[in-house]
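Inspection log for the structure reproduced underneath, given as structure tokens.
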Amino acid sequence: VLVALTARQLNRGAKIVAAVREEENAPLLRQSGADAVITSASAAGRLLGLSVLSPSAGTVMEDLIQQGSGLDLVERPVIKAEVGKNVRETDDLVVSVLR
Numbered sequence: 001v002l003v004a005l006t007a008r009q010l011n012r013g014a015k016i017v018a019a020v021r022e023e024e025n026a027p028l029l030r031q032s033g034a035d036a037v038i039t040s041a042s043a044a045g046r047l048l049g050l051s052v053l054s055p056s057a058g059t060v061m062e063d064l065i066q067q068g069s070g071l072d073l074v075e076r077p078v079i080k081a082e083v084g085k086n087v088r089e090t091d092d093l094v095v096s097v098l099r
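The working numbering puts the first residue of the sequence shown at 1, with every later residue one more than the last.
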């Protein structure tokens, strides 16, 4: 909490991402200036549940969170040549489009 407050005070525009073990601590971090809060206990629980219900999706998610190997998920702007095209016409696998 103190780190989030200090970081926000030093740079109002900084993107602050914090981690907590328990969900009940997340609101305090958000109030302290964190833009995003990752709850490790609930994230692990969701990954376990996903792996039971959809083993392939669980494998993909596990691959995404392992550093240095496997898949990478990136955010990037649309390039001029892609404007007006169907997502199937791009060179990348499109997971989401934000407008």
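We treat Cβ as the ideally placed atom computed from N, Cα and C, and that holds for glycine.
Three-state class that DSSP yields for residue i in the structure shown
i: valine 87; result: helix
i: alanine 19; result: strand
i: isoleucine 65; result: helix
i: arginine 8; result: helix
i: leucine 73; result: coil
Neighbour-count burial assignment, residue i, 16 or more Cβ in a 10 Å radius
i: alanine 18; result: buried
i: alanine 34; result: buried
i: alanine 44; result: exposed
i: leucine 29; result: buried
i: alanine 57; result: exposed
Integer Cβ distance of residue i from residue j, believed to fall under 8 angstroms
i: alanine 26; j: threonine 39; result: 6 angstroms
i: serine 32; j: valine 52; result: Between valine 52 and serine 32 the Cβ distance is about 35 angstroms, and since that is not below 8 angstroms, they are no contact.
i: leucine 64; j: leucine 50; result: That belief does not hold up - the Cβ atoms of leucine 64 and leucine 50 are roughly 12 angstroms apart, past 8 angstroms.
Residue nearest to residue i in terms of C-alpha spacing, selected from the options
i: glutamate 22; options: Lys15, Ala41, Ala36 and Gln31; result: Ala41
i: valine 95; options: Gly84, Leu71, Ala81 and Lys80; result: Leu71
i: valine 97; options: Val3, Gln67, Arg76 and Glu89; result: Arg76
i: aspartate 92; options: Val78, Gly84 and Arg99; result: Val78
i: valine 20; options: Val83, Val37, Ala4 and Arg12; result: Val37
Go through the stretch 22 to 60 residue by residue and report every complete run of the beta strand (DSSP E) that reaches 3 residues or more, in order.
The DSSP assignment places complete beta strand (DSSP E) segments of no fewer than 3 residues inside the stretch 22 to 60 at 36 to 39, in order along the chain.
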